[in-house]
Every structure is written in C-alpha cells, then in structure tokens.
Amino acid sequence: MTDHPSRAGASPFRQLSRRSVLAGATASAVVPVTAMNGVPAAAAPAKRGDTRRITMYAEELPNGLIGYGTSPGEATVPGPVLEMWEGDTLEIELVNNTDRKLSIHPHGVDYDVDSDGTPLNASVNEPGQRRTYVWHSHGPYKAKGNRWMPGSAGYWHYHDHAMGTPHGTEGINKGLYGALIVRRKGDVLPDRRFTVVFNGMTINNRTAPDAPLFRARLGERVEFVAIGQGDLFHTFHMHAHRWTDNRTGMLEGPHDTSPSIDNKDLNPGSSFGFQVIAGDGVGPGAWMYHCHVQFHSDQGMAGIFLVLNEDGSVPEGAQAALDRYRDQG
Amino acid sequence: MTDHPSRAGASPFRQLSRRSVLAGATASAVVPVTAMNGVPAAAAPAKRGDTRRITMYAEELPNGLIGYGTSPGEATVPGPVLEMWEGDTLEIELVNNTDRKLSIHPHGVDYDVDSDGTPLNASVNEPGQRRTYVWHSHGPYKAKGNRWMPGSAGYWHYHDHAMGTPHGTEGINKGLYGALIVRRKGDVLPDRRFTVVFNGMTINNRTAPDAPLFRARLGERVEFVAIGQGDLFHTFHMHAHRWTDNRTGMLEGPHDTSPSIDNKDLNPGSSFGFQVIAGDGVGPGAWMYHCHVQFHSDQGMAGIFLVLNEDGSVPEGAQAALDRYRDQG
Amino acid sequence: MTDHPSRAGASPFRQLSRRSVLAGATASAVVPVTAMNGVPAAAAPAKRGDTRRITMYAEELPNGLIGYGTSPGEATVPGPVLEMWEGDTLEIELVNNTDRKLSIHPHGVDYDVDSDGTPLNASVNEPGQRRTYVWHSHGPYKAKGNRWMPGSAGYWHYHDHAMGTPHGTEGINKGLYGALIVRRKGDVLPDRRFTVVFNGMTINNRTAPDAPLFRARLGERVEFVAIGQGDLFHTFHMHAHRWTDNRTGMLEGPHDTSPSIDNKDLNPGSSFGFQVIAGDGVGPGAWMYHCHVQFHSDQGMAGIFLVLNEDGSVPEGAQAALDRYRDQG
Numbered sequence: 001m002t003d004h005p006s007r008a009g010a011s012p013f014r015q016l017s018r019r020s021v022l023a024g025a026t027a028s029a030v031v032p033v034t035a036m037n038g039v040p041a042a043a044a045p046a047k048r049g050d051t052r053r054i055t056m057y058a059e060e061l062p063n064g065l066i067g068y069g070t071s072p073g074e075a076t077v078p079g080p081v082l083e084m085w086e087g088d089t090l091e092i093e094l095v096n097n098t099d100r101k102l103s104i105h106p107h108g109v110d111y112d113v114d115s116d117g118t119p120l121n122a123s124v125n126e127p128g129q130r131r132t133y134v135w136h137s138h139g140p141y142k143a144k145g146n147r148w149m150p151g152s153a154g155y156w157h158y159h160d161h162a163m164g165t166p167h168g169t170e171g172i173n174k175g176l177y178g179a180l181i182v183r184r185k186g187d188v189l190p191d192r193r194f195t196v197v198f199n200g201m202t203i204n205n206r207t208a209p210d211a212p213l214f215r216a217r218l219g220e221r222v223e224f225v226a227i228g229q230g231d232l233f234h235t236f237h238m239h240a241h242r243w244t245d246n247r248t249g250m251l252e253g254p255h256d257t258s259p260s261i262d263n264k265d266l267n268p269g270s271s272f273g274f275q276v277i278a279g280d281g282v283g284p285g286a287w288m289y290h291c292h293v294q295f296h297s298d299q300g301m302a303g304i305f306l307v308l309n310e311d312g313s314v315p316e317g318a319q320a321a322l323d324r325y326r327d328q329g
Numbered sequence: 001m002t003d004h005p006s007r008a009g010a011s012p013f014r015q016l017s018r019r020s021v022l023a024g025a026t027a028s029a030v031v032p033v034t035a036m037n038g039v040p041a042a043a044a045p046a047k048r049g050d051t052r053r054i055t056m057y058a059e060e061l062p063n064g065l066i067g068y069g070t071s072p073g074e075a076t077v078p079g080p081v082l083e084m085w086e087g088d089t090l091e092i093e094l095v096n097n098t099d100r101k102l103s104i105h106p107h108g109v110d111y112d113v114d115s116d117g118t119p120l121n122a123s124v125n126e127p128g129q130r131r132t133y134v135w136h137s138h139g140p141y142k143a144k145g146n147r148w149m150p151g152s153a154g155y156w157h158y159h160d161h162a163m164g165t166p167h168g169t170e171g172i173n174k175g176l177y178g179a180l181i182v183r184r185k186g187d188v189l190p191d192r193r194f195t196v197v198f199n200g201m202t203i204n205n206r207t208a209p210d211a212p213l214f215r216a217r218l219g220e221r222v223e224f225v226a227i228g229q230g231d232l233f234h235t236f237h238m239h240a241h242r243w244t245d246n247r248t249g250m251l252e253g254p255h256d257t258s259p260s261i262d263n264k265d266l267n268p269g270s271s272f273g274f275q276v277i278a279g280d281g282v283g284p285g286a287w288m289y290h291c292h293v294q295f296h297s298d299q300g301m302a303g304i305f306l307v308l309n310e311d312g313s314v315p316e317g318a319q320a321a322l323d324r325y326r327d328q329g
Numbered sequence: 001m002t003d004h005p006s007r008a009g010a011s012p013f014r015q016l017s018r019r020s021v022l023a024g025a026t027a028s029a030v031v032p033v034t035a036m037n038g039v040p041a042a043a044a045p046a047k048r049g050d051t052r053r054i055t056m057y058a059e060e061l062p063n064g065l066i067g068y069g070t071s072p073g074e075a076t077v078p079g080p081v082l083e084m085w086e087g088d089t090l091e092i093e094l095v096n097n098t099d100r101k102l103s104i105h106p107h108g109v110d111y112d113v114d115s116d117g118t119p120l121n122a123s124v125n126e127p128g129q130r131r132t133y134v135w136h137s138h139g140p141y142k143a144k145g146n147r148w149m150p151g152s153a154g155y156w157h158y159h160d161h162a163m164g165t166p167h168g169t170e171g172i173n174k175g176l177y178g179a180l181i182v183r184r185k186g187d188v189l190p191d192r193r194f195t196v197v198f199n200g201m202t203i204n205n206r207t208a209p210d211a212p213l214f215r216a217r218l219g220e221r222v223e224f225v226a227i228g229q230g231d232l233f234h235t236f237h238m239h240a241h242r243w244t245d246n247r248t249g250m251l252e253g254p255h256d257t258s259p260s261i262d263n264k265d266l267n268p269g270s271s272f273g274f275q276v277i278a279g280d281g282v283g284p285g286a287w288m289y290h291c292h293v294q295f296h297s298d299q300g301m302a303g304i305f306l307v308l309n310e311d312g313s314v315p316e317g318a319q320a321a322l323d324r325y326r327d328q329g
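Protein chains in written order, with UniProt numbering: chain A, 1 to 329; chain B, 1 to 329; chain C, 1 to 329.
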C-alpha cells in the first residue's frame, strides 16, 4: 500500500477503510512496516565523505503531474528523499523524459554555476537531455576573519528551476520537488521519514480527503521534512506533537533556550525538519496535521498522522476518525 | 476600568480622555494598579506537578462575538490566560452555553484523542453540553535515541476547533481564543501580562481607535503574549521596546547569540511571548504597537502601550497622543 | 559606476554588458574596488560609546521616488547605511526638503517619544522643517528580576512613519527607508555591505532587469542586510550561499545548533543580516538572489550577486548570464 506519493488517484483512506471493514480488528489490519515509509530514499547515508552517483528521471505522471524518480517509470510527487552526510558529494545525472525544459536546483548545498539548475546559468536539461549536476557538502569551518561558518547540515529541498518561467514555476506547480537532508556526524536516524510539501493550496499536490496519510507505530522515531513551494503563505501545525525550533528539532540539553513549537511558517522556498516520538505522552490515534491558515485548512490542506498501536494495529476509534475525515473532505 | 477584553463597546481612549480632561494632572488621573491587568488569570501558577480543575464557559457576547470565561456571564475576547508550570495537569470542564457546536483545542501541551477538541476525534461540545478536556505538560526529557526532547514550556494558545468548519473557523472568527502559558521552573513572573491576538484584520477582534490599550508603570516587568489567528499574514511590531527571539524573550547571558527583534511574523496558529521592562531606556509615554503590514496598520491594526510614570500618573504629552490616536482612528 | 541606489534610470546590466563587449577579457573589465560598495556608509563605526551627529536630507528623486541622503542632492533609495556600536548615540538632524510631512523612525534602538518619528507623538518634520532625532544603543544588561535583557546589536532599519498615513505608507512606498546596523564589540567587519529591501513587488524600488546588481570579489567577506517593507509577504533566497539563522549569520562554534538557511521570511517591518564569503566553495559567477514566492520572482523580484574573480575580472560565462538576465527581465 503506497502512502503519499501521487501515482494512483485512489484515496488511501478509502482503501484503509475498506480493508478495515473486511478485517475488523484482526491482525490483518496491521500495516506492514516495510510499506509504511512514504517516500523511497534514493541515497541512504553511507560513510562520510563519499562521492555517490545516482540517476534521476523527470517524467510525466497521471493527472498532469510531473515528478522526479530514481528509476524509469517510478517518478513520484514529491520526489525521492535525497540524503547526504556533511562532507559527501552527490552527482546526479538527471534524465529528462519529458518534452519540456527542466532542471534540478538544490537548497543548502554547494554547487558551481554549471550545477545551478537555472536558465540564467544555462544549467538546464532540454527535452530528452541527460545532464549531470554535482552537489557538495561540508561541516562547519573557520573562514576569513576567524569565524565559524555554517555547515551544510539541514532539512533542505530541491526543485525545478526552469519549466514555464526562469524560476521553474510551472515545474514546481506540477510536482517537481523533493526533500534533501544533509546530516551531521552524530545525528540520530529516524525509524520513519515523511515529506510534507505545502505547494499552493495543496499538500504534496493533493487535498483532503486525499491528502497524505502518514503512519507510524507508537514510540517510533518519526522524521518530518516540511517544505514550502508556490505563491501562498502557510503555517504548518501538527496536533499533539511538538518540536524544538532549531537545526534538529531536539534540544541540546535541558537548558537549551530554543523555543518549543507546534506551528511554524512554511513559506515558498523555506523548509525545516524535526523528529518526534510518535504518540509520546498522548497515545495512538488519528492526529491531524494541517495548514493553520483557516481558509487553507477548510479548503483541504489537512491530513492525518496515524499513530498505530505498538503492534501495528489500528487503535480504537481511529478508523472512525479516518471515516469522518474522508466524509468531511 | 476594563482594558481590552471586549465586553463593552465603548472605547477606553474616550474614557481616559474624558477623565483626564476633568482631572488634569492631579492624582485622580492615576490608573489603579488592580485595574491595569487586561485579562484575568484563570489559573495562577501553584506548586509544580499540580492537577487543577477549572470550569470554562463558552458564551455569546454583544456584537455577535463569542468568548470563553471562567465564570458564567464573564466570558471575554480573548479568553482568560491559562497558566501551568511544566509538570502540571489542567482539567477543563467546558460548558457550552451557546446553541452551536464548539470545543477547546490547545497548542503545546499533551492530550489524548478524547481531548483533541476536533470533530475528527468526536471531541467537541454539542450545544448545551458539558465536556472535560485534560491537558498535561512536562519538562525536557530524554527519549529513544538518547536525545533531549522539548518540554512544554512556551507561550501557547487555545481556540475553538469545531464551530462552522472542522477547523473552528467561525468560532475563532467570533472570538473563541485565548493565551496558554506553560512556565519552566525558574522562569521569572511578570508584574503585568497582556494578550495580543492578530485575528483577521483585528486585534482581539477590535480595531483602532478601539484596539486594546495596555497600561503599565515605568519599570514594571510586562509580559506580552502574541497570537495569530484567521486567514491573513501579519507582523507584530512594538515601538521603543525589543526582545530576544527565543523561548523567554530574554538572553541566557551576555554571550547568547539569539537575535534582538522588535518585529516578528505572527501568522495563523503561531504564538510567542516576551517580557520587557516598561519604558526602560526610553521613558514613559504612549508607545504604538501595530501590525507592520502597512495596509493592516492603516486599516486599524494599531494600539497603544501606555507606559505611565512610576507613580501611575499619565506622563506629559501622553494624553495628547491618545487623543490623536482616537481622532486618527 | 553606481550600483543599486536608484538615482539614474539606466540599467547597470546594460552598462556592464556594453563595456564588456568593448573590453573583452582585458583588465579594463575590472570593477574598481572603490566603486563596488552599493550604498555609502553615513556613519562608519568609531570608538564605542561615541555620540555622533549627522545631518540627513529627505529629497525627491526622479521617477517620483523620495530618498534619504547625508548631503543635499545625494539622496538614494535605499538611504545610507547607518552604523553604530552598542553604546553609541546617534543624533540625526533631518532636513525635510520636500513639501510633504515626513519623519525617520528606527527599529531596534532606544529613543524617547520626541524621537519616535510618528504623528502620534507629534514627532515629525513638517515641509521644509529641520528636526533632530536621537537614537541610543546599549549592550546586554541585567534588569529587574536579575535577567539578561537583549542588547541593541542587530541588523535593523529605519523608515518614514508620517507621509500619507500615520504609518508612513506613502513615504515607504516611495523609498524612504534604509539599513541601520548596530554592532557588538568583537563583531567582524565585512569587506562589502549591501542593502536589499523587499518593498511591495520591488527590490529597493526596482525590478528585473533593473534590480540591484551586487558585486564582490571571490573570497571577500560580504554583508547583506535584508529588510521587508510594504504590504506583501516575501521570502529572501540566495543561490549557492547560506548563513546561520542567528544574530550574526555565523556560528558561535562547531556545536552551535542554530539552523543553516538560504531562504528566510522577509515580511514588512522585519530585517536580518548575515555575512558570506563570496563564492566560497562554489566559485565565482552570476548568482541569483530573489524572492522565492514564484509569482514575485516571475514578476521581477530577482537580481544578481556577481562574484568576480579574485583579481576583479568578470568570470567566464558571467557576462552571458547577465545578458540572459537582462533579456528575460
């Protein structure tokens, strides 16, 4: 069962509902762990300082969407999560299987003008063209003036910067975006990882009742990467879970003065990430995440973070909540 | 004299102006300290780890507003400030004295699905119904992966999540919101505390010249809790006072690298708080606070933070400023 | 060659292009260092604790703009960068050479009601009037309650608060704004310093292909002060460069948990600053900076940060990029 990558038009809620009607509360309602992770990781972290080479494919999808994928015919919206450790280099050969000009432009990492992904620097894929983009990363370092400059670690994103306008407005609108995570030595890896893109009036180019359904088991460490795209301003809110407003979403220690938040601006080009312990202190259930701009949530920018029981079964009441969500939408 | 809770339609500026014309610069212009605090505190901090139970009432107010209160007939917009220490539990029995479905949904604290305050989780008050919501809080703690997770301390808020739409858009629009403060052991308590909610094109559902007038004496420690609601983006600006952009609004010490700011995004669902020393380094007077979006301030999203002399008298020139404010509005 | 202050209507890109066509890759394409700095510094940092007095002139410019300057006939949009060290006092005699009411209102620093710059406090310049505004600054200090209160250090701004409306909407719209930097002892000074104001749908009241062109040599320490004004929400993005989201834009050390960012909300009344090493790790070239709201960048809120070779020559390919920029715009 695929979660949020938009390949099929069917609502995951309808599927879950149907199966659960069949299965009742039996073990068959358990969601297999291997199917829980919404977006495939194209480049799992390896040793630090690696140079890795991957191939990505930009392709048309049903419903007029266009996505990135790591194999032909496997493009998704959002595209695959790309991961690096500080110090890594990632070489991406982008294959443009569409008849439109497009590119891939990253935030946060280092690249020279040939990998800028902009028409400005003639760094784009013509229709059918293959082109390699090289992204470097680095840790904090001392620069001129004896000051510590920021490292590359962060919850970033990548997107088209060429289709339709010199800023890739049409490509982004159609789904050419994805998460880019650069980790620092010592960062803790999550059990699950989800990408949430507020793009125009959509979440990952979908709206309620078909907005992404994210599932994890009670107690799992879950990482969210939140990304803003498009023309509108948004705020990302998650029910019953909160995080620290810093690089990792966690405190350095008990005296860290970074604020705890559960609502954060998520405007075009910005991104942030955090890890929560699913259902910690609040229990399992169907927890809403949504844009907190009232008009936007009312218009469909709301989805469910479903915290399953520890054994993976659907908690009592959660199926009824999912049914309500589907009917409200 | 009540300040900003919207029960009466009369402008506080008109009242102050009239009285001051009568009183001149005599002692009768002194504003009684007991009347200065804008919003009653429903639950003053007690020992840490307490479980407290309060009753709140949702009621219709004049002008089509709806507010929360802690006694029947005492609802205000914004609702009462709710305060907890990290570790406290707050049990709120909400009495719905309206003929509309509504709820109370908090930010920042822990609650299970039955206290979510959403139609999604069937956690709402039907008309006339009493229903109990339970909110827990906790300090920073180490979780799975040996990482420090954020505590509950913060300047949060609560609001309806059920009236009109599944997101409570109508309830929020009419005034069903208030501040929720969770304090950490060692946090300093203010002398005064004010709630500023940018809700649509209003401040606490009011606009100039009837926007909230906040009063404090020179040198008092004043706490502002700023909350965003509705559909619009805003920035909160205060004249002649500034704060640190972290959890408390103050520095940890002289080497803290958190920025000083006097203008901050205040978008729907977000909130922050800070403490200033009234008039410190700038003197008493009528200091404007306003949304810095030009169109919004011009349309009435501007009010006055009146810093009185140390003895509580109105400083020279301040009455003229208040008169100008009233006339501009 | 003047960069971004809007006095002349001609595009700097056209000029650069023409010269470069004439000069080819010869030494004459070198941009003189003395001409690189976009905005003159009106008040260079001196010893700490100084009181300095400057005269500023508000004047009409071609194209209906109005600017501040430090000499008659020298007004620019944005106005001159004003710099202080924490502890300094700045006395500004503002000469209003227009026939409109106007003022100067600062963010971040201390001033009494007479220097508020608002009609509310009758602190404005009538047409033709001279008026002195006094701004104080201070370092972090312990206040009542034994807490550290924020110092004045920061990347702030100043603007009109009187023309057209009590909030100076017309003055700001026409260009009455500029950067105000307060530095802390030990802060590192940049080699170059640029002001970027997102004001309505413009950058410094200009749009592509005439948006500001910022130039620095590879390896130079470059400071950007980003300021938001007007009615719209924006996000500021810079290609191939990133900074730390704290007071200085740099890390305190390798374990600082402040996030690295390359895209930040830049809404009305807000400002921030940071320093980058031009082209560090990415090389010289024409790097775009722009509002990341797609509609805004497409409509012209995009400019170029031109990183020259170390010897000041235009890097290979950069002229072609500038030509494309000019043609796209």
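In this text, a Cβ means the ideal position worked out from N, Cα and C, and glycines have one as well. No experiment lies behind these values; they were computed from the predicted model shown.
Could you check whether the Cβ of N263 of chain B sits closer than 8 Å to any Cβ belonging to chain C?
yes
Tell me which residue opens and which closes the alpha helix (DSSP H) that residue 332 of chain A is part of.
Chain A is shown only over 1 to 329; residue 332 of chain A falls outside these bounds and no answer can be derived.
Between R242 of chain A and chain B, is any beta-carbon pair separated by less than 8 Å?
yes
Could you name the residues that DSSP lists as bridge partners for R193 of chain A?
A:E223
So, F214 of chain B versus F305 of chain B, is the Cβ gap smaller than 8 Å?
yes
For M84 of chain A, decide whether its Cβ has a neighbour in chain B, counting only Cβ atoms nearer than 8 Å.
no
Using the three-state DSSP reduction, which class does I104 of chain B fall into: helix, strand or coil?
coil
Assigned exposure category for T132 of chain A - 16 Cβ within 10 Å defines buried:
exposed
Mind listing which residues of the UniProt domain "Plastocyanin-like" (76-185) of chain B have their C-beta closer than 8 Å to chain C's C-betas, in chain order?
none
If contacts are defined as beta-carbon pairs under 8 Å, then D114 of chain B and V282 of chain A qualify, I think. What distance do you get, rounded to the angstrom?
Incorrect: roughly 11 Å between the Cβ atoms, too far for contact.
Alpha-carbon spacing of F224 of chain B relative to P150 of chain C, whole angstroms:
16 Å
Which partner residues of G285 of chain C appear in the DSSP bridge assignment?
C:V307
For a minimum of 3 consecutive residues, which ranges assigned as the beta strand (DSSP E) are wholly contained in the UniProt domain "Plastocyanin-like" (76-185) of chain B?
81-85, 89-96, 130-136, 141-143, 147-149, 154-159 and 177-183
Go ahead and pull the three-state DSSP assignment for D245 of chain A.
coil
Out of B:F295, B:A318, B:T55 and B:E126, which one is the CA nearest neighbour of E91 of chain B?
B:T55
Sort B:S313, B:D256, B:P315 and B:P119 by Cα distance to Q328 of chain A and report the nearest one.
B:P119
In chain order, what residues of the same chain lie with their CB nearer than 7 Å to the CB of E220 of chain C, ignoring the 5 residues before and after it?
D191, R192 and A278
At what residues does the alpha helix (DSSP H) containing D323 of chain C begin and finish?
A318 to Q328
In whole angstroms, what separates the C-alpha of V307 of chain B from that of I261 of chain B?
20 Å
With three or more C-beta pairs closer than 8 Å as the rule, is the segment 312-324 of chain A touching the segment 120-130 of chain B?
yes
C-beta neighbour in chain B for Y325 of chain A, strict 8 Å:
yes
Contacting residues, own chain, Cβ-Cβ under 8 Å from P127 of chain A (five flanking each side not counted)
N96, T98, D99, R100 and K101
Residue range of the unbroken alpha helix (DSSP H) whose run includes F295 of chain B:
Q294 to D298
Coil, strand or helix - N263 of chain A by DSSP:
strand
Give the range of the beta strand (DSSP E) segment to which G273 of chain C is assigned.
S271 to I277
Strictly below 7 Å CB to CB, what residues from chain B border P254 of chain C?
Those do not exist, as P254 of chain C stays about 14 Å from chain B at its closest Cβ, beyond 7 Å.
Excluding the five sequence neighbours on either side, which residues of its own chain have a C-beta within less than 7 Å of the C-beta of G87 of chain A, listed in chain order?
R48, G49, S137, H138 and G139
Residue burial classification, E93 of chain A (beta-carbon count within 10 angstroms, cutoff 16):
exposed
Quick check: what's the CA-CA separation for G24 of chain A versus T202 of chain A?
Summary for G24 of chain A: the model assigns pLDDT 28, below 50, so the residue's position carries little reliability, and this model does not support an answer.
Strictly below 7 Å CB to CB, what residues from chain A border P268 of chain B?
T235, H292, V293 and Q294
Label R130 of chain C either buried or exposed according to how many other C-beta atoms from any shown protein chain fall within 10 Å of its C-beta, with 16 as the threshold for buried.
exposed
In this structure, does DSSP put N199 of chain A in helix, strand or coil?
strand
Can you name the residues of chain C whose CB is closer than 7 Å to the CB of G285 of chain A?
Under the 7 Å cutoff, chain C gives no residues; its nearest Cβ is about 30 Å from G285 of chain A.
Note the first and the last residue of the continuous beta strand (DSSP E) segment covering A216 of chain A.
L213 to R217
What number of angstroms, rounded off, separates the C-alpha of W148 of chain B from the C-alpha of W243 of chain A?
11 Å
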